[in-house]
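Here my numbering is used: position 42 in the sequence shown is 49, and no number is missing along the way. Glycine residues also receive a C-beta, built at the ideal position from the N, C-alpha and C atoms.
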Amino acid sequence: LSLGTRNVDGMSRAVRFNAQQAVLIDIALIFPTLIGEGLDGVGVPRMYEEIGNNLVYYFLMTSIVYSVVMNLRGRKPNGIPYISDAADYITGPF
Numbered sequence: 008l009s010l011g012t013r014n015v016d017g018m019s020r021a022v023r024f025n026a027q028q029a030v031l032i033d034i035a036l037i038f039p040t041l042i043g044e045g046l047d048g049v050g051v052p053r054m055y056e057e058i059g060n061n062l063v064y065y066f067l068m069t070s071i072v073y074s075v076v077m078n079l080r081g082r083k084p085n086g087i088p089y090i091s092d093a094a095d096y097i098t099g100p101f
């Protein structure tokens, strides 16, 4: 699952961490789509679908803005729950 972000020469650990975190955010966005497709024939009211779509969008935008701001401040954006820990683990110590 490291997708080329582990032990790459010429690429700093911060860049590898950010790339891995972006990949994991993309993967995390697949789950709401799968749940929505699974509930397609159930007849979930449109209001709940819109709320779910909005929450996914807010999570994505918040994650992007947080990562950009932290990088501009020169700090590691490791505050996204579960995703940052997984990216840190997959990137490795070096």
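Taking the continuous alpha helix (DSSP H) assigned at residue i, which residues delimit it?
{"i": "Asp95", "result": "Ile90 to Thr98"}
{"i": "Pro52", "result": "Run containing Pro52: none; DSSP gives neither H nor E here."}
{"i": "Arg82", "result": "Run containing Arg82: none; DSSP gives neither H nor E here."}
{"i": "Asp33", "result": "Arg20 to Ala35"}
Whole-angstrom Cβ separation of residue i and residue j, contact assumed at under 8 Å?
{"i": "Ile87", "j": "Tyr73", "result": "7 Å"}
{"i": "Pro39", "j": "Gly59", "result": "6 Å"}
{"i": "Asn25", "j": "Asn61", "result": "Actually they do not touch by this definition, with Cβ atoms about 26 Å apart."}
{"i": "Gln27", "j": "Ile97", "result": "5 Å"}
How long is the line joining the alpha carbons of residue i and residue j, rounded to whole angstroms?
{"i": "Gly31", "j": "Ala21", "result": "Looking at the sequence provided, one finds Leu at residue 31 rather than Gly. Each residue's Cα considered, the two are about 15 Å apart."}
{"i": "Leu36", "j": "Pro52", "result": "21 Å"}
{"i": "Gly99", "j": "Gly17", "result": "15 Å"}
{"i": "Leu46", "j": "Phe101", "result": "43 Å"}
{"i": "Val76", "j": "Leu67", "result": "14 Å"}
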